[in-house]
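In what follows, a single structure is set out as structure tokens and then discussed.
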Amino acid sequence: MKYLEEKLLARNIKPTAVRLLIFKAMLDYPQAFSLTDLETVLETVDKSTLFRTITLFHDKLLIHSIDDGSGAMKYSVCSDDCMCSLGELHVHFKCTHCQKTFCLESIPVPSVKLPDKFLLESVNFVMKGLCDTCSRFGE
Ligand SMILES: [Zn+2]
Ligand SMILES: [Zn+2]
-2 MKYLEEKLLA RNIKPTAVRL LIFKAMLDYP QAFSLTDLET VLETVDKSTL FRTITLFHDK
58 LLIHSIDDGS GAMKYSVCSD DCMCSLGELH VHFKCTHCQK TFCLESIPVP SVKLPDKFLL
118 ESVNFVMKGL CDTCSRFGE
């Protein structure tokens, strides 16, 4: 748990027992997770605590949010040095077969030249298709 505590402290988040529990559950996801996903694995944590913790983690840039078009906001844990700036944004990939959403952290969001006087504030870049596991079934 020491390592998890340090990760929270590095983001100015007081590492309470429940926050550590929630953070650990988040890290167990190899892909992005939704509030509902966390609710099912964290039955002992009440919904409002879970919601407040997600909001706090998001505000402190411990996690980032992904709108993958499924209607439910997805989240993923940020890499240690991520400040979620526009230049650091990466591509997300939603699998149309298993419905999982992945962070493609090695692929930066392409920069586009906007018309004059258009100011960019955020980017939501989601690609859809088959993930590496699901694409194998078609071979
Ligand atoms: Zn898949
Ligand atoms: Zn991501």
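Going by our numbering, the sequence shown opens with residue -2, and the numbers climb by one from there. Even glycine gets a Cβ: it sits at the ideal position worked out from N, Cα and C.
Secondary structure note for H55: its alpha helix (DSSP H) is the uninterrupted segment K44 to D56. DSSP places S132 within a helical segment (H, G or I) once states are collapsed to three. Short note on I51: C-beta not closer than 7 Å to any heavy atom of ligand 2. Within 7 Å of the C-beta of L127 there is at least one heavy atom belonging to ligand 1. Distances from the CB of H89 to the heavy atoms of ligand 2 include at least one below 7 Å.
Apart from sequence neighbours up to five positions away, the residues of its chain that approach S62 with a beta-carbon distance below 8 Å are H55, M70, K71 and Y72, ordered along the chain.
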